[in-house]
Amino acid sequence: MGLFERDTEIYKNRDALREDYQPAQLVGRDEEIQMYQTALQPVINGEQPNNVFLYGKTGVGKTAATRYLLSHLEEDASQYDDIDLHLTFLNCDGLTSSYQIATRLVNELRDETNQISTTGYPRATVYEMLWEDLDETAGTNLIVLDEVDHVEDDSILYQLPRARANNNLSAAKIGIIGISNDFSFRDDLSPKVKSSLCEQEIHFPAYDAGDLQKILEQRAAVAFHEDVLDDAVIPLCAAYGAKDAGDARQSIDLLMKAGDLAREEEETVTVTETHVEAGRHDLERGRIEEGISGLTQHGHLVLYSLLTLHLQDETPIRSRDVRPRYTSFAQRAGRDPLVPRRMRDHLSELAMLGLVSVTERNEGRRGGTYREYTLDMDLDLILSALDDVLNDVGVHDSLQGHLAAGESTDENASLTEFN
C-alpha cells in the first residue's frame, strides 16, 4: 500500500467548492443577471458595447456573474460571422496607476515573445502601443477591470471610452466592465471621466441567509457524496455567511473547511456542526492574521485605537473621535501621526478587510453625512495579531481582561492617560 491513498468517503468533487468553479446556473441573482444581460446585448447586435460598472461588497457574485455571462456571450457571439469578440480580464489588485493598467493590457494583447517592460516608457507611448494592438486585434473588445477601485488615477477610464472619438482607434470597438467593492468609487472620478464613461451601473446587494443556503446546496450536491452532510451544516454555514456581510465566498470556504476537517479524522464519514464551528475559528484566525500582517504600522495603530475604544463601549464611533487615541498611540510608538484624511483611509482599509464594519449616518443639513466604525471580528483573535503594537505602544487598561495568562503587563507597559 502506498504512502498516499485517495480519499473517497467525504468528497465527490471538492473542486466544486473552489473560487474558480463556474456553476451551470447562478443562484439568487436573477434580477442582476437580467440587467447585466441587457447591458451586454449591443455586442450581439454588432453595436458599440456599453460600459458597465458593477458595485457590491466582496463575495456577492459580481465576478461570478461576469464570468458566467461573458462565457455565454462568447459562445453565442461565435454563431455570428460578423462578430469578432475578444475578452480581456485584468485584476487591478496591486495596480495603482493607469500606466500600470495600460502596460498590463498591452502585454495581455501580445504574445509572450513581444512583451514590454512595465516601466521606462512615457505614458503617451504606452497608450500608442495599446491603440495599435487593439486596432490590430480589431472587432469588439470587452476589457474587464476587476477591483478597479485600486487604481488611484482615472486616466485609463477616460482614454479607453474616448479612443474612437479621439481617432486613436478605427477598427476596434471598446467596452469596459468595471468591478468595484467600493460604492463611493464613482464619486471620486473626475467629471470628464464620468461623462466619458456613460456607464450602466448594476448594484449587487449582500446575499441573505436564504440565498446563501441555496448557493451552498447547489455546490454541495456536486462536491459531496450523498448523506455526508448533517442537516444542520448548510443552514449554519449560510447563517455565518449572512452574518459576515452576506459573503457567499466565505460561506463556501467554511463549508469546504468543515469538509476538510471531517476528512482529516479517521473513521469519520459525516460533516457535522462541530466541524463547522472549528472551521470558522480556523478561517477567522487565518483571515485576521493575514489581513493585519499586511497593514502598515499606522494601520496597526488605527486598529489598536479602535480596539481599545470598542472595549470601553465607545463604538460605533466617528473617525474624528478615534483620532485623539490614535495620535496618542502614534506618539508613544515614536511615529508622526498621519493627517485625518490618511487616518480615515486606514479605517476604510480595515473595513475592506472585514475587520471593521461601517455605518453611514445622515443627520440632514445640520448634521450632514458621516461614517461610524466598530470592530467586526473576535477581539481575542485581533489582539493575538497585534503583539508588535503592544510592544511599541504598551498595554491599554481596557485589555487587561483579554490578555493571555502570564502575559507581561508591567507598570511601564500599561497605558492609563490619554490626551
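With full-length UniProt numbering, the residue at position 95 of the sequence shown is 95, and numbering never jumps.
Quick reminder that beta carbons are idealized off the backbone N, C-alpha and C, glycines included.
On a predicted model such as this, the values are computed, not experimentally measured, just so you know.
Answer with buried or exposed for S117, where buried requires no fewer than 16 other C-beta atoms within 10 angstroms of its C-beta. The residue labelled residue 117 in the question sits at position 117 within the sequence shown. Exposed, by the Cβ-count rule.
Once DSSP output is grouped into helix, strand and coil, what is the label at E411? Locating residue 411 in the sequence shown gives position 411, where the first residue counts as 1. Note that E411 scores 42 on pLDDT, short of 50, meaning its location in the model is unreliable; the coordinates nonetheless yield the value given after this. Reduced to three states, the DSSP call for E411 is coil.
Alpha carbon of G246 to alpha carbon of E31, nearest angstrom: In the sequence shown, residue 246 corresponds to position 246, counting from 1. In the sequence shown, residue 31 corresponds to position 31, counting from 1. About 17 Å.
Tell me the rounded alpha-carbon separation between Y11 and R18. Locating residue 11 in the sequence shown gives position 11, counting from the first residue. Locating residue 18 in the sequence shown gives position 18, counting from the first residue. Approximately 13 Å between the Cα atoms of the pair.
Whole-angstrom C-beta distance between R263 and D7, which should lie under 8 Å: Translated into positions along the sequence shown, residue 7 becomes position 7. Translated into positions along the sequence shown, residue 263 becomes position 263. Going by Cβ atoms, the distance from D7 to R263 rounds to 6 Å, so yes, they are a contact pair.
Sequence-distant residues of the same chain with beta carbon closer than 8 Å to I234, five excluded per side: Numbered from its first residue, the sequence shown carries residue 234 at position 234. Hits under 8 Å: Q213, L216, E217, A220 and L255.
Within the same chain, show all residues whose beta-carbon is closer than 6 Å to that of V222, passing over the 5 residues directly before and after it, in chain order. Translated into the one-based positions of the sequence shown, residue 222 becomes position 222. Within the same chain, V222 has close Cβ partners N13 and A16.
Just how far apart, CA to CA, sit L347 and S180? Against the sequence shown, residue 347 aligns to sequence position 347. Against the sequence shown, residue 180 aligns to sequence position 180. Distance between the alpha carbons of L347 and S180: 18 Å.
Can you tell me which of G28, G354, K57 and T272 puts its alpha carbon nearest to the alpha carbon of I382? Within the sequence shown, the letter at position 382 stands for residue 382. For the residues G28, G354, K57 and T272, the minimum Cα distance to I382 belongs to G354.
Is the segment 279 to 287 touching the segment 328 to 348 in the sense that three or more CB pairs, one from each, lie closer than 8 Å? no
Contact under 8 Å by Cβ, Q250 with V52: One-based indexing of the sequence shown puts residue 250 at position 250. One-based indexing of the sequence shown puts residue 52 at position 52. Going by C-beta atoms, Q250 is not nearer than 8 Å to V52.
For the pair the segment 30 to 44 and the segment 62 to 75, tell me if three or more CB-CB distances fall below 8 Å. yes
For A138, name the three-state secondary structure that DSSP assigns. As a first step, residue 138 must be located in the sequence shown, where it is residue number 138. Reduced to three states, the DSSP call for A138 is coil.
From L157, S170 and I101, residue whose alpha carbon lies closest to that of E132: Position 132 of the sequence shown, counting from 1, holds the residue named residue 132. The candidate whose alpha carbon is nearest that of E132 is S170.
Taking only the alpha-carbon atoms, compute the straight-line gap between R366 and E360 and give it to the nearest angstrom. For the purposes of this step, residue 366 is identified with residue 366 of the sequence shown, where counting begins at 1. For the purposes of this step, residue 360 is identified with residue 360 of the sequence shown, where counting begins at 1. If you take the alpha carbons of R366 and E360, they lie about 16 Å apart.
Using C-beta distances below 7 Å, list every residue in its chain close to T137, excluding the 5 sequence neighbours before and after it, in chain order. Locating residue 137 in the sequence shown gives position 137, where the first residue counts as 1. These residues qualify, in order along the chain: H86, L109 and A172.
Which residue wins for smallest C-alpha separation from I44, given the options D20, I156 and S78? Translated into the one-based positions of the sequence shown, residue 44 becomes position 44. Out of D20, I156 and S78, S78 has the C-alpha closest to the C-alpha of I44.
For D182 and A206, what's the separation of their Cα atoms in angstroms? Translated into positions along the sequence shown, residue 182 becomes position 182. Translated into positions along the sequence shown, residue 206 becomes position 206. Their backbone Cα atoms lie some 13 Å apart in a straight line.
Provide the residue(s) that pair with H203 in DSSP beta bridges, ordered along the chain. Walking along the sequence shown from the start, residue 203 turns up at place 203. Looking at the DSSP assignment, H203 forms a beta bridge with Y55.
Cβ shell of G61 (< 8 Å), same chain only, five flanking positions each side left out: Here residue 61 corresponds to residue number 61 of the sequence shown, with the count starting at 1. If we look at G61 and ignore the five residues flanking it on each side, its Cβ neighbours are L26, G28, R29, E32, F204, Y207 and A248.
Scan the segment 66 to 100 and note each continuous beta strand (DSSP E) run of 3 residues or more that stays entirely inside, going in chain order. 85 to 91
Please confirm whether V276 and A258 have their CB atoms less than 8 Å apart. For this step, residue 276 is matched to residue 276 along the sequence shown. For this step, residue 258 is matched to residue 258 along the sequence shown. In contact: V276 and A258 (Cβ atoms closer than 8 Å).
Length at least 4, wholly inside the segment 275 to 341: the alpha helix (DSSP H) runs in chain order: 297 to 311 and 319 to 332
Below 8 Å between beta carbons: does that hold for M343 and Y326? Within the sequence shown, the letter at position 343 stands for residue 343. Within the sequence shown, the letter at position 326 stands for residue 326. Closer than 8 Å, so yes.
H396 - DSSP class collapsed to helix/strand/coil: Taking the first residue of the sequence shown as position 1, residue 396 is located at position 396. The answer is strand: DSSP assigns H396 an E or B state.
Whose CA, out of F329, G368, N362 and Q400, lies closest to the CA of D392? On the sequence shown, residue 392 is found 392 positions in, with the first residue counted as 1. Looking at the Cα atoms, F329 is the closest of the given residues.
Does the distance from the CB of L229 to the CB of V271 come in under 8 Å? Counting from one through the sequence shown, the residue named residue 229 turns up at place 229. Counting from one through the sequence shown, the residue named residue 271 turns up at place 271. Against a cut-off of 8 Å, the Cβ pair of V271 and L229 comes out as a contact.
Count the other CB atoms within 10 Å of the CB of K192; is the residue buried (16 or more) or exposed (fewer)? Against the sequence shown, residue 192 aligns to sequence position 192. Exposed, since its Cβ has fewer than 16 Cβ neighbours within 10 Å.
Beta strand (DSSP E) containing L160: first to last residue? As a first step, residue 160 is located in the sequence shown; it is residue number 160 there, counting from the start. Unbroken run through L160 is the alpha helix (DSSP H), S155 to R162; no beta strand (DSSP E).
Would you list the one or two residues that DSSP bridges to E372? The residue you call residue 372 lines up with position 372 of the sequence shown. E372 is bridged to R318 and T359.
Where DSSP assigns a beta bridge to D230, which residues make up the other side? For the purposes of this step, residue 230 is identified with residue 230 of the sequence shown, where counting begins at 1. BP columns for D230 are empty, so no partner.
When the Cα atoms are used, what is the spatial distance from G368 to F185? As a first step, residue 368 must be located in the sequence shown, where it is residue number 368. As a first step, residue 185 must be located in the sequence shown, where it is residue number 185. Those two C-alpha atoms are separated by around 20 Å.
Checking 8 Å against the spacing of the C-beta atoms, do E152 and S97 come in under that value? Looking up residue 152 in the sequence shown gives position 152. Looking up residue 97 in the sequence shown gives position 97. Yes; because the gap between Cβ atoms is below 8 Å, this pair is in contact.
Which complete alpha helix (DSSP H) runs does the segment 208 to 270 hold, if anything under 4 residues is left out? 209 to 223, 233 to 243 and 248 to 264
Compute the distance between the beta-carbons of L189 and D154, then report whether it is under 8 Å. Your numbering for residue 189 matches position 189 in the sequence shown. Your numbering for residue 154 matches position 154 in the sequence shown. In contact: L189 and D154 (Cβ atoms closer than 8 Å).
Identify, in the order they occur along the chain, each residue of the same chain with its Cβ nearer than 7 Å to the Cβ of A65, setting aside the five sequence neighbours on each side. One-based indexing of the sequence shown puts residue 65 at position 65. Hits under 7 Å: L26, R29, E32, I33 and Y36.
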